[in-house]
Amino acid sequence: MKRTNRNSLLIVAIVTLFATTTGASAEGTSATAASLPAGTMATVNGVALPQSMLDDAVTTAGQPDTPQLRQALKDSLIARELFRQSAEQAHYDARPEVQQAMQTAKVAAETQLYLKDRIRAEPVTDAQIKARYNEIVGSLGKDEYRARIITVADVATAATVNSELKAGRPFDLLARQYSIAPTREKGGELPWLSFRTPVVDGHTQGMPLAVAQAITTLPVGGITAEAIPVKVGNATQYVILKLDTKRSTQVPTLSQAKPVIEQQLKVLALQKAAARFTSDLMKAATIQQ
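Here the sequence shown stands for residues -26 to -1, 1 to 263, where the numbers follow mature numbering (1 follows the signal peptide of the UniProt record, and there is no 0).
Right, here's the structure in full:
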């Protein structure tokens, strides 16, 4: 385990222990709450911890806001402040790794705020949403397919998978065991896909052409007889398919599809704005590499 992970786990364990041991004294300390400055949840060796810090912790926790949760989080924040004070008294704040972490956090925060203020994406219009909807609907075929996929890195593994399929091992189990595709944890299951047939390059819903063509020609329950070679960068991967089911294409209405399409277009608009902004900065800069 990396040292940072070990340290994080150690802090969590100590904070949990602190919260457990101090929870019993919460009733005894509640009498002093009235003497705290306004907007302060606690003081630790004279250092005030603002109430907003606790409120933010409750929001971040994503749990029902209860007195028990608030007390547990308060104890954790008090423990964290004790750790901070002790670390600074021991001059840990001057250590190079701490200074580097502070600089990294500063750069990340100021960059995020700057980009948020400066990058302005063009608003997405209803006309753009409708045009994209029509484009998607126009690319669909009369049928849609639910398939599973196993992707492996070499011919030998593909041969092993095919052998085990012929021996009767379930496709989904083999996908979880052998596949290197992102769908492996779902047993190789792909979303519903629809293609206009015959399938042509550029209209494959993001699938490799040979894979899309195979999906449309397999019978329901059928598995490709041989692995399909697919180029990925400079490497070749091998794909084995099974068609689980197919049905007439279910086309959502524009109003049903609008939220998803609108979000996708907003992401694209933001990416374009970010690319333009970056390009302008690069043109104005003097960069040597």
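Every residue gets a Cβ at the ideal spot worked out from N, C-alpha and C, and that includes glycine. Remember, predicted model here, so these are calculated numbers, not experimental data.
Output yes or no for whether 8 Å exceeds the beta carbon distance between residue i and residue j.
i: LEU217; j: VAL194; result: yes
i: LEU114; j: SER168; result: yes
i: LEU47; j: ALA31; result: yes
i: LEU239; j: ARG106; result: yes
i: GLY142; j: ARG150; result: no
i: ARG122; j: LEU164; result: yes
i: VAL241; j: VAL111; result: no
i: ALA132; j: ILE197; result: no
i: ASN19; j: GLN59; result: yes
On the CB-based measure, 16 or more other CB atoms within 10 Å of its CB, does residue i come out buried or exposed?
i: ASP254; result: exposed
i: LYS246; result: exposed
i: SER153; result: buried
i: GLU1; result: Residue placement at GLU1 is poorly supported in this model, since its pLDDT is 47, which falls under 50; the coordinates still yield a value, given next. Exposed is the call here.
i: THR3; result: Unreliable placement is indicated for THR3, whose pLDDT of 48 sits below 50; no coordinate value is reported for it.
i: TYR66; result: exposed
i: ALA53; result: buried
i: SER26; result: exposed
i: VAL81; result: exposed
i: MET15; result: buried
i: ARG158; result: buried
i: THR124; result: According to the sequence as given, residue 124 is Ile; it is not Thr. So ILE124 ends up on the buried side.
i: ALA258; result: exposed
i: residue 267; result: The chain is shown from -26 up to 263; residue 267 falls before or after that span and cannot be answered.
i: ALA5; result: Note that ALA5 scores a pLDDT of 45, beneath 50, so its modelled location is shaky; the value from the coordinates is reported in the next line. Per the 10 Å Cβ criterion, exposed.
i: MET(-26); result: Unreliable positioning characterises MET(-26) in this predicted model, as indicated by a pLDDT of 48, which lies under 50. The coordinate reading is nonetheless provided below. Result: exposed.
Measuring CA to CA, which of the options is closest to residue i?
i: SER137; options: GLU200, ASP175, ALA79, THR125; result: GLU200
i: MET181; options: GLU159, VAL206, THR260; result: VAL206
i: GLU118; options: GLN179, ILE214, GLN230; result: GLN179
i: ASP91; options: LEU244, LYS257, ALA259, GLN263; result: LEU244
i: ALA130; options: LEU56, PRO203, SER60, LEU43; result: PRO203
i: ILE93; options: ARG120, PHE251, THR171, LYS232; result: PHE251
i: TRP166; options: GLU96, THR219, ASP39; result: THR219
i: ARG120; options: GLU109, LEU192, GLU96; result: LEU192
i: ASP128; options: ALA83, ALA209, HIS177; result: ALA209
i: GLY176; options: TYR88, GLU109, ALA231; result: GLU109
i: GLN237; options: ALA95, PHE145, MET256; result: ALA95
Give me the Cβ distance between residue i and residue j, rounded to the nearest whole Å; I'm assuming they're in contact under 8 Å.
i: VAL126; j: GLN211; result: 7 Å
i: GLY13; j: PRO24; result: 6 Å
i: VAL135; j: LEU147; result: About 11 Å separates the two Cβ atoms, so there is no contact after all.
i: LEU56; j: ARG44; result: Between ARG44 and LEU56 the Cβ distance is about 19 Å, and since that is not below 8 Å, they are no contact.
i: LEU228; j: LYS104; result: 6 Å
i: LYS116; j: THR33; result: With a Cβ gap of about 49 Å, LYS116 and THR33 do not count as contacting.
The segment 177 to 188 touching the segment 94 to 106, judged by at least three CB pairs closer than 8 Å: Between the segment 177 to 188 and the segment 94 to 106, the count of Cβ pairs shorter than 8 Å is below three; the stretches do not touch.
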